[in-house]
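K.L.:
Take the sequence shown: its letter number 44 is residue 44 in full-length UniProt numbering, and every next letter is one higher. The C-beta atom is built at its ideal place from N, Cα and C for all residues, glycine as well. If you're wondering where the values come from, they're calculated on a predicted model, not measured in any experiment. Pasting a structure here, questions to come.
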Amino acid sequence: MFTVILPPLRERREDIIPLAKFFLDKHAREFGFGYQGMAQDAEQCLMAYPWPGNVRELENMMERAIVLSGGKTVEIEHLPADILEDKQTKQAPTLQQNLLDTGLNLQVEQLEKRLIQEALNKTGDNKAKAAQLLAISERSLWYKIKKYF
C-alpha cells in the first residue's frame, strides 16, 4: 500500500484548461451535444479562479457550461457568476449599468426564463429531464413554467 499525494488544482494551474476541456467533452457526449470549444476569455476566467472546490468544482462548472452553451462554444457568460465577479468588476461597466437600468430581479427572471427554455428544448420538453438538467425539483420547474410561460 502506498499514498498518492496530489496537490490541489490551484497549485496545478497548467492542468486547469486540459481538465476543463476533458470535462466539457465528457458532458457534451453525455447530453448528446457536439462540443465546439471554449472562448479564450472563458479560459482566462478559469485560470484566474482560485478553485476552492478543486477538481469536483471544475467538473460541475463544465457540466453546467456545456448545458448552457447548448453544445456550442463555451463563452464567458456560460460560467457561474462567482467566477466572473472579478472579471466583470474590471471589464464590464456596461453590464453593471444594464443591471442598474433594469434591476436585478428582472435580470434574474430573464436569465431563469432563458435557461428553462434551453433545458426544455434540449430535453424535447421532458420536464423531469429538464428539471434534472437545471438541478431543481420538478415542482420548482412546474412553478417557474407557470410563472414565465
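Entirely within the segment 125-149 and at least 4 residues each: give me those alpha helix (DSSP H) ranges in chain order.
P.N.:
If we require 4 residues or more, the alpha helix (DSSP H) runs fully inside the segment 125-149 come out as 127-134, 138-148.
K.L.:
Which class does residue 1 belong to by DSSP, given the choice of helix, strand or coil?
P.N.:
In the structure shown, residue 1 sits in coil (DSSP, three-state: anything other than H, G, I, E or B).
K.L.:
What alpha helix (DSSP H) runs, 4 residues minimum, are completely inside the UniProt domain "Sigma-54 factor interaction" (1-67)?
P.N.:
Runs found: 16-31, 40-48.
K.L.:
Are the CB atoms of residue 75 and residue 39 nearer to each other than 7 Å?
P.N.:
Yes, Cβ-Cβ distance for residue 75 and residue 39 is below 7 Å.
K.L.:
Based on the DSSP secondary-structure assignment, which residues constitute the bridge partners of residue 74?
P.N.:
Beta-bridge pairing links residue 74 to 38.
K.L.:
Once DSSP output is grouped into helix, strand and coil, what is the label at residue 79?
P.N.:
Correct three-state label for residue 79: coil.
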